[in-house]
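All residue numbers for the sequence shown refer to our numbering, where the first residue is 805 and numbers rise by one.
Ideal placement from N, C-alpha and C gives every residue a C-beta, glycine not left out.
Given the structure is predicted, the values throughout are model-derived calculations rather than measurements.
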Amino acid sequence: MVRVSPRVVVLAGGVGGSKFVLGVREALRRRGVDDTAAALTVVVNTGDDLWLSGVRLQPDVDSITYALAGVNDAERGWGRAGDSERVGRELQQWGAGWPWFTLGDLDLGTHLARTGWLRDGLTPTQVLERMSHRWPLGARLLPMTDAEVDTIVVVEDGSRLHFQEWWTRHRAGLTPTRFENPGIEVASAAPGVVKAIASADVILIAPSNPVVSIGPILAVPGLRDVLASAAAPVVGVSPIIGGKVVRGMADVCLTAIGVETSASAVAAHYGSRGSGGVLDAWLLAEEDAAVAPDVAGRGIRPLVAPLWMTDAVASAAIAEVALGAAGL
Ligand code: GDP
Ligand code: CA
């Protein structure tokens, strides 16, 4: 019998997204899927991409690429393992870039390669496709859009900051009142995204920041409609465990858009597909099992599992539950 591999699509941001994607790839391998790159498509947030010192940075794309390649700095949580910062220091001496924004030397190599190809006329999708050849990633990565979309944070005093400045320089310490993605209203999904979602067997929403990682993906015009009409179930994984964000400052983002930092409030924010939202099922941490009836009451099927992605084995166990929810 020829075994047909499942077609899995994951919507993902950077750090939480990459840990989850590693788990999904592992879960597929355990199912005997040899060519995981053909089975697994990751639609990556590009809302926090930026130009800095003349190069194009794609933080979430790079986090996922490095993690799948096994060259990421797992301890620090971003960038390449064993990187140095000679070039970054030199840029600072020139007063170029942002003094509070570290650029690793190996990382800069990535940015230079990407920028060169963009300047040669390749689209972001084509650049990412090319970048996926260096290491056997075992997944196909697609940017959410080929358009340049920023994330702007409007803070209490009315000033507007680039997301990276707010997040990295101010450590999300300035109270945000709004997040904006200028340019997104005229953006469209990158080539391949709609087809991947429409022909998937399951669509997974990674435990990524709901506001600044998954939010921009869902804000790409048309994507919500594609999700709404997809034949496959949509299964989300909670980035909240025990009423807290695991790491990072997603709670500040949630508060700004009026969503409580709880697993059920985030599920409600995504909403059930039956009532104009995007979810069919929602993986809750064991610590949040008490809110399962609340999630069910919103028309979303709750599933309870350990959600700590401490290593690839733990992430794979989470992915197993998510795939299982789709009957895969
Ligand atoms: P970023 O783009 O680098 O900020 O990363 P993401 O948006 O992909 O992920 C950030 C989110 O991951 C945060 O909101 C965390 O709550 C969540 N997260 C990080 N580690 C874990 C984990 O071990 N388990 C779960 N469930 N969520 C996690
Ligand atoms: Ca990000």
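| Asked | Found |
| --- | --- |
| Beta-carbon proximity list for A765, same chain, < 8 Å, skipping 5 on both sides | Any question about residue 765 goes unanswered here, given that the chain covers just 805 to 1132. |
| Through-space distance from G913 to G1081, alpha-carbon basis | 40 Å |
| Buried or exposed (CB count within 10 angstroms, at least 16 for buried), K999 | exposed |
| Simplified DSSP assignment, three categories, for G913 | helix |
| Buried or exposed (CB count within 10 angstroms, at least 16 for buried), A1093 | exposed |
| Three-state class that DSSP yields for H937 in the structure shown | coil |
| heavy atom of ligand 3 below 7 Å from P863 C-beta | What this structure holds is ligand 1 and ligand 2, not ligand 3. |
| Enclosing alpha helix (DSSP H) for G1103 [first to last residue] | Neither: G1103 is in no alpha helix (DSSP H) and is coded neither H nor E. |
| Distance between A900 and G820 (C-alpha atoms, nearest Å) | 30 Å |
| Backbone CA spacing between W1037 and S936 [nearest angstrom] | Reading off the sequence shown, one finds Pro at residue 1037, where the question assumed Trp. One C-alpha to the other measures close to 28 Å. |
| Rounded straight-line distance, which links the Cα of V1041 to that of W971 | 23 Å |
| Start and end residues, alpha helix (DSSP H) containing H966 | Careful: H966 lies outside any alpha helix (DSSP H), inside the beta strand (DSSP E) at R964 to H966. |
| Test item: CB-CB of V828 and V814 under 8 Å | yes |
| Reference E952, options A1002, E933 and N985, closest by Cα | N985 |
| Simplified DSSP assignment, three categories, for S822 | helix |
| Limits of the unbroken beta strand (DSSP E) element including L946 | R944 to P947 |
| Complete alpha helix (DSSP H) runs within the stretch 983-1045 (minimum length 4 residues, chain order) | 997-1002, 1018-1023 and 1027-1033 |
| Residues bridged to A1085 (per DSSP) | V1039 and R1105 |
| For V891, the first and last residue of its enclosing beta strand (DSSP E) | Run containing V891: none in the beta strand (DSSP E); it sits in the alpha helix (DSSP H), R890 to Q897. |
| Nearest-angstrom beta carbon gap, A1060 and A1129 [assumed within contact, 8 Å] | No, A1129 and A1060 are not in contact; Cβ-Cβ is about 30 Å, not under 8 Å. |
| Cα-Cα separation between S822 and A816, rounded to whole angstroms | 7 Å |
| CB of G818 within 8 Å of CB of P1020, strictly | no |
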